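Protein chains in written order, with this note's numbering: chain A, 2 to 116; chain B, 7 to 118.
Here is the structure we will look at.
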Amino acid sequence: GAVVSQHPSWVICKSGTSVKIECRSLDFQATTMFWYRQFPKQSLMLMATSNEGSKATYEQGVEKDKFLINHASLTLSTLTVTSAHPEDSSFYICSAPGPGYNEQFFGPGTRLTVL
Amino acid sequence: GDSVTQMEGPVTLSEEAFLTINCTYTATGYPSLFWYVQYPGEGLQLLLKATKADDKGSNKGFEATYRKETTSFHLEKGSVQVSDSAVYFCALAPQGAQKLVFGQGTRLTINP
Chain A
2 GAVVSQHPSW VICKSGTSVK IECRSLDFQA TTMFWYRQFP KQSLMLMATS
52 NEGSKATYEQ GVEKDKFLIN HASLTLSTLT VTSAHPEDSS FYICSAPGPG
102 YNEQFFGPGT RLTVL
Chain B
7 GDSVTQMEGP VTLSEEAFLT INCTYTATGY PSLFWYVQYP GEGLQLLLKA
57 TKADDKGSNK GFEATYRKET TSFHLEKGSV QVSDSAVYFC ALAPQGAQKL
107 VFGQGTRLTI NP
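Structure representation (structure tokens):
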């Protein structure tokens, strides 16, 4: 099946620094990718839709200046958490619609810890 | 807005027990419905799906039927195995959209 990778799998950073997370579709092209955030023992919340070659679409309540999304190619989307703070600590997951109808393929997630 | 409500966990069962995880949804139109599974240390994987009313999705012994009259998509398995231990997410894709709305997830533990 289609494979989505994320890098890094975990990252620890100091408060005030920026962190970039990569999401790649390894064996298919994705004009659209989705970024989710998962809090401990809670569900996945959609943060934004990443569109190749155009601006991302953010869900209500998500700060677009804090969570910068770039989808520069058909296989790569990046999420940059700018000026990270401890409340940004979370599990970030990306997904991409694979070949076929209405099936999403998920990356393994990136655990961000901000000290 | 669209939402999914899932049975609260955690759920602990013995091997070969019958499993039901309830899922109900709120959505306009005709959403597609999904069950995803997250095994320890792995990403979410699609378990099964149904795209219209009365469709039954099935995979690996799991089944769920799209019931529009009760807005439900309950997950069932007749005889669970230890290897089924994971977190299960019910989700919907709004009609005409690819993004997913997830339930809160149910952690399932199967004891030998």
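Ideal Cβ positions, reconstructed from N, Cα and C, are used throughout, including at glycine.
All values derive from a computational prediction rather than experimental measurement.
Exposed or buried, residue i, counting other C-beta atoms within 10 Å across all chains shown (16 or more means buried)?
{"i": "B:Gly84", "result": "exposed"}
{"i": "B:Pro16", "result": "exposed"}
{"i": "A:Phe40", "result": "exposed"}
{"i": "A:Gln30", "result": "exposed"}
{"i": "A:Ser96", "result": "buried"}
{"i": "B:Gln101", "result": "exposed"}
{"i": "A:Trp11", "result": "exposed"}
{"i": "A:Ser16", "result": "exposed"}
Have a look at residue i and residue j and give me their C-alpha separation to the nearest angstrom.
{"i": "A:Ser44", "j": "B:Gly109", "result": "6 Å"}
{"i": "B:Thr80", "j": "B:Gly63", "result": "One detail in the question is off: residue 80 of chain B reads as His in this sequence, not Thr. Cα-Cα distance, rounded: 11 Å."}
{"i": "B:Asn65", "j": "B:Tyr72", "result": "15 Å"}
{"i": "B:Leu39", "j": "B:Thr57", "result": "6 Å"}
Verify the CB distance criterion: does residue i have a CB-CB separation below 7 Å to chain A?
{"i": "B:Gln104", "result": "yes"}
{"i": "B:Gln110", "result": "yes"}
{"i": "B:Phe114", "result": "It is Leu, not Phe, that sits at residue 114 of chain B in the sequence shown. With 7 Å as the cut-off, B:Leu114 does not count as an interface residue toward chain A."}
{"i": "B:Gly67", "result": "no"}
{"i": "B:Leu52", "result": "yes"}
{"i": "B:Gly7", "result": "no"}
{"i": "B:Gly15", "result": "no"}
{"i": "B:Gly49", "result": "yes"}
Give a yes or no on whether the minimum CB-CB distance between residue i and chain B is below 7 Å.
{"i": "A:Glu53", "result": "no"}
{"i": "A:Ser44", "result": "yes"}
{"i": "A:Leu47", "result": "yes"}
{"i": "A:Glu23", "result": "no"}
{"i": "A:Glu64", "result": "no"}
{"i": "A:Gly108", "result": "yes"}
How is the beta strand (DSSP E) around residue i delimited, first residue to last?
{"i": "B:Leu106", "result": "That residue, B:Leu106, is in no beta strand (DSSP E); it is neither H nor E in DSSP."}
{"i": "B:Ala99", "result": "Ala92 to Ala99"}
{"i": "B:Lys83", "result": "Leu81 to Lys83"}
{"i": "A:Phe40", "result": "No beta strand (DSSP E) holds A:Phe40; DSSP gives it neither H nor E."}
{"i": "A:Ala57", "result": "Taken as a continuous stretch (DSSP letters only), A:Ala57 belongs to no beta strand (DSSP E), as it is neither H nor E."}
{"i": "B:Lys62", "result": "Lys62 to Asn65"}
{"i": "A:Ser96", "result": "Ser91 to Pro98"}
Quiz item: Can we say the segment 16-29 of chain B touches the segment 54-69 of chain A, given the rule of at least three CB pairs closer than 8 Å?
Solution: no
Quiz item: Does the pairing of the segment 27-35 of chain A with the segment 71-88 of chain A give three or more beta-carbon distances under 8 Å?
Solution: Yes: the two stretches touch, three or more of their Cβ pairs being nearer than 8 Å.
Quiz item: Do the segment 72-89 of chain B and the segment 88-96 of chain A touch if we need at least three Cβ pairs shorter than 8 Å?
Solution: no
Quiz item: Is the number of C-beta pairs between the segment 92-107 of chain B and the segment 24-44 of chain B that are closer than 8 Å three or more?
Solution: yes
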